[in-house]
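Engineer: This is the structure I want to talk about, given as structure tokens.
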Amino acid sequence: MSLSPSIPPAGWRGEGLDFGGHRLVVTGASSGLGAALALALGQAGAEVVLSGRHLPRLEGIYDRIIAAGGPEPMLAPLDLERATADDYQAFAEAIAASGPALFGLVHCAAHLGALMGLPRYEPLQWARVHQVNLHAAFLLTQSLLPMLLQSPRATVIFTSDSVARESRSFWGAYAVSKAAVDGLAGLLAADLQGYPGFHCHALDPAPRPTRLRSQAYPAETATALGPLDEAVAAYLYLLTRGADERLPVRQQAATSGSLRPLTGTALAD
Ligand SMILES: NC(=O)c1ccc[n+]([C@@H]2O[C@H](COP(=O)([O-])OP(=O)(O)OC[C@H]3O[C@@H](n4cnc5c(N)ncnc54)[C@H](OP(=O)(O)O)[C@@H]3O)[C@@H](O)[C@H]2O)c1
Numbered sequence: 327m328s329l330s331p332s333i334p335p336a337g338w339r340g341e342g343l344d345f346g347g348h349r350l351v352v353t354g355a356s357s358g359l360g361a362a363l364a365l366a367l368g369q370a371g372a373e374v375v376l377s378g379r380h381l382p383r384l385e386g387i388y389d390r391i392i393a394a395g396g397p398e399p400m401l402a403p404l405d406l407e408r409a410t411a412d413d414y415q416a417f418a419e420a421i422a423a424s425g426p427a428l429f430g431l432v433h434c435a436a437h438l439g440a441l442m443g444l445p446r447y448e449p450l451q452w453a454r455v456h457q458v459n460l461h462a463a464f465l466l467t468q469s470l471l472p473m474l475l476q477s478p479r480a481t482v483i484f485t486s487d488s489v490a491r492e493s494r495s496f497w498g499a500y501a502v503s504k505a506a507v508d509g510l511a512g513l514l515a516a517d518l519q520g521y522p523g524f525h526c527h528a529l530d531p532a533p534r535p536t537r538l539r540s541q542a543y544p545a546e547t548a549t550a551l552g553p554l555d556e557a558v559a560a561y562l563y564l565l566t567r568g569a570d571e572r573l574p575v576r577q578q579a580a581t582s583g584s585l586r587p588l589t590g591t592a593l594a595d
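The end of the sequence shown is residue 595 by this note's numbering, with every number in the run present.
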């Protein structure tokens, strides 16, 4: 694997990276940021495990990676709202069957839930949002950790959001779950600091034109937002740090594929 530059030049979008021989799992790979990242990884030679809920959409990403000349991806559908402990075990076993080590796990799946104040927030919706955004991210990470720790260099990236830090009205369970995800990333990094090749981050990709964003802001024009490939470059940058190059756990995608470290509220940095 070739490392990304230590300081990304302006406009860097992952050029020159080679993930040949490395396997990575991407959740939410059927849409938006997860799909764009999976495609970029496949184009750079990674063997991508495409996870999502909607098989036809995942198959579309599979076809695009093959058409771009990438290695054959693995389709791994999993509904994170309904998955049981047995499902996570079967998921891990299916991945282990094609090799012992994993180079990366990137959590892009998310459920927005309702945008409304806490006094009226519906308890079932609260539980669904936390199940997909927080509990599933924890359970999937735990089930894949043995394979990640088999790799001399491995990275887990959780996807955060600025609403995790800003207490913005009406963001409800989504904001609370993303604040917890920030804490989860900090704790995992702290718990595994004895593994020098293991890196863990919570990345805020900044506003991007995706389905989730348009659910939250239906009247917004996509062109007002930063491009998807700018956020994808931030994920690629974190995935290609050297084993001994430590960056703060929480990061925000900025322009030019670079990152802004965030400090303040997470459990560890
Ligand atoms: N876009 C932004 O402005 C923005 C800003 C900050 C953070 N984020 C974060 O970025 C990440 C990617 O979101 P996005 O903006 O790219 O949105 P998106 O296009 O709506 O993608 C969301 C993904 O999550 C998957 N998903 C939802 N519920 C699921 C479930 N129960 N089981 C399995 N997969 C499920 C969706 O799968 P289906 O195709 O099956 O629905 C889809 O692939 C999220 O973590 C989001 O919180 C986005």
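The C-beta atom is built at its ideal place from N, Cα and C for all residues, glycine as well.
1. Out of curiosity, what's the CA-to-CA distance linking PRO331 and GLY512?
2. With DSSP as the reference, label ARG390 as helix, strand or coil.
3. Confirm the yes/no value for this check: CB of LEU401, any heavy atom of ligand 1, distance under 7 Å.
4. So is SER377 buried or exposed if we call it buried at 16+ other beta carbons inside 10 Å?
5. Can you give me the C-alpha to C-alpha distance between PRO397 and PRO522, rounded to a whole angstrom?
6. How about LEU551 and PRO531: are their beta carbons less than 8 Å apart?
7. Can you list the alpha helix (DSSP H) stretches of 4 or more residues lying completely in the stretch 443 to 523, in chain order?
8. Find the nearest neighbour of TYR543 within the set LEU365, TRP497 and MET327, judged by alpha-carbon distance.
9. Specify, as a first and last residue, the run of the alpha helix (DSSP H) that LEU363 falls within.
10. Given this structure, state the Cα-to-Cα distance separating SER486 from ARG454, to the nearest angstrom.
11. With a cut-off of 8 Å, do at least 3 Cβ pairs link the stretch 344 to 351 to the stretch 366 to 377?
12. Assign PRO472 to buried or exposed, taking buried as 16 or more other Cβ atoms, counted over all protein chains shown, within 10 Å of its Cβ.
13. For a quick check, are the C-beta atoms of ALA598 and ALA579 less than 8 Å apart?
14. May I have the straight-line CA-CA distance separating ASP570 from LEU329, to the nearest angstrom?
15. Ordered along the chain, which non-local residues of its own chain (more than five positions away) have a Cβ less than 8 Å from that of ALA592?
16. Is PRO334 close to chain C, meaning its C-beta is less than 8 Å from at least one C-beta of that chain?
17. Check whether the Cβ atoms of LEU450 and LEU350 lie closer than 8 Å to each other.
18. What do you get for PRO399, buried or exposed, if any count of 16 or more other CB atoms within 10 angstroms of its CB means buried?
19. Figure out for me which residue from SER493, LEU460, PRO335 and PHE484 has the closest Cα to the Cα of LEU359.
20. Decide if ALA516 is buried, meaning its Cβ has at least 16 other Cβ atoms within 10 Å, or exposed.
Structural biologist: Inspection of the coordinates gives the following:
1. Taking the sequence shown and counting its residues from 1, one reaches residue 331 at position 5. Taking the sequence shown and counting its residues from 1, one reaches residue 512 at position 186. Distance between the alpha carbons of PRO331 and GLY512 is about 25 Å.
2. Position 64 of the sequence shown, counted from the first residue, corresponds to residue 390. Correct three-state label for ARG390: helix.
3. As a first step, residue 401 must be located in the sequence shown, where it is residue number 75. Checking the Cβ of LEU401 against ligand 1 gives no.
4. As a working mapping, residue 377 is identified with position 51 in the sequence shown. Result: buried.
5. Within the sequence shown, the letter at position 71 stands for residue 397. Within the sequence shown, the letter at position 196 stands for residue 522. CA-to-CA, the gap between PRO397 and PRO522 works out to about 29 Å.
6. On the sequence shown, residue 551 is found 225 positions in, with the first residue counted as 1. On the sequence shown, residue 531 is found 205 positions in, with the first residue counted as 1. No. Outside cutoff.
7. 449 to 456, 462 to 474, 489 to 492 and 498 to 517
8. Along the sequence shown, one-based indexing puts residue 543 at 217. Closest option to TYR543, Cα to Cα, is TRP497.
9. Numbered from its first residue, the sequence shown carries residue 363 at position 37. Segment 358 to 369, the alpha helix (DSSP H) holding LEU363.
10. Taking the first residue of the sequence shown as 1, we reach residue 486 at position 160. Taking the first residue of the sequence shown as 1, we reach residue 454 at position 128. If I take the Cα positions, the gap works out to 17 Å.
11. Contact holds: three or more Cβ-Cβ distances are below 8 Å.
12. By one-based count along the sequence shown, residue 472 stands at place 146. By the 10 Å Cβ count, PRO472 comes out exposed.
13. Nothing about residue 598 can be reported from this structure: the residues present for the chain run from 327 to 595 only.
14. For the purposes of this step, residue 570 is identified with residue 244 of the sequence shown, where counting begins at 1. For the purposes of this step, residue 329 is identified with residue 3 of the sequence shown, where counting begins at 1. Straight-line measurement puts the Cα of LEU329 at about 12 Å from the Cα of ASP570.
15. For this step, residue 592 is matched to residue 266 along the sequence shown. Residue placement at ALA592 cannot be trusted, given a pLDDT of 47 that sits under 50; what the coordinates show is reported in the next sentence. Only ASP508, GLY509, ALA511, GLY512, ALA528, VAL575 and ARG576 meet the Cβ criterion.
16. Looking for chain C here will not work: only one protein chain is present.
17. Sequence index remark: in the sequence shown, residue 450 carries index 124 (1-based). Sequence index remark: in the sequence shown, residue 350 carries index 24 (1-based). Against a cut-off of 8 Å, the Cβ pair of LEU350 and LEU450 comes out as no contact.
18. The count along the sequence shown starts at 1 and reaches residue 399 at position 73. Classification of PRO399: buried, given that the 10 Å Cβ count is 16 or more.
19. Sequence index remark: in the sequence shown, residue 359 carries index 33 (1-based). Per the Cα distances, PHE484.
20. Locating residue 516 in the sequence shown gives position 190, where the first residue counts as 1. Burial call: exposed.
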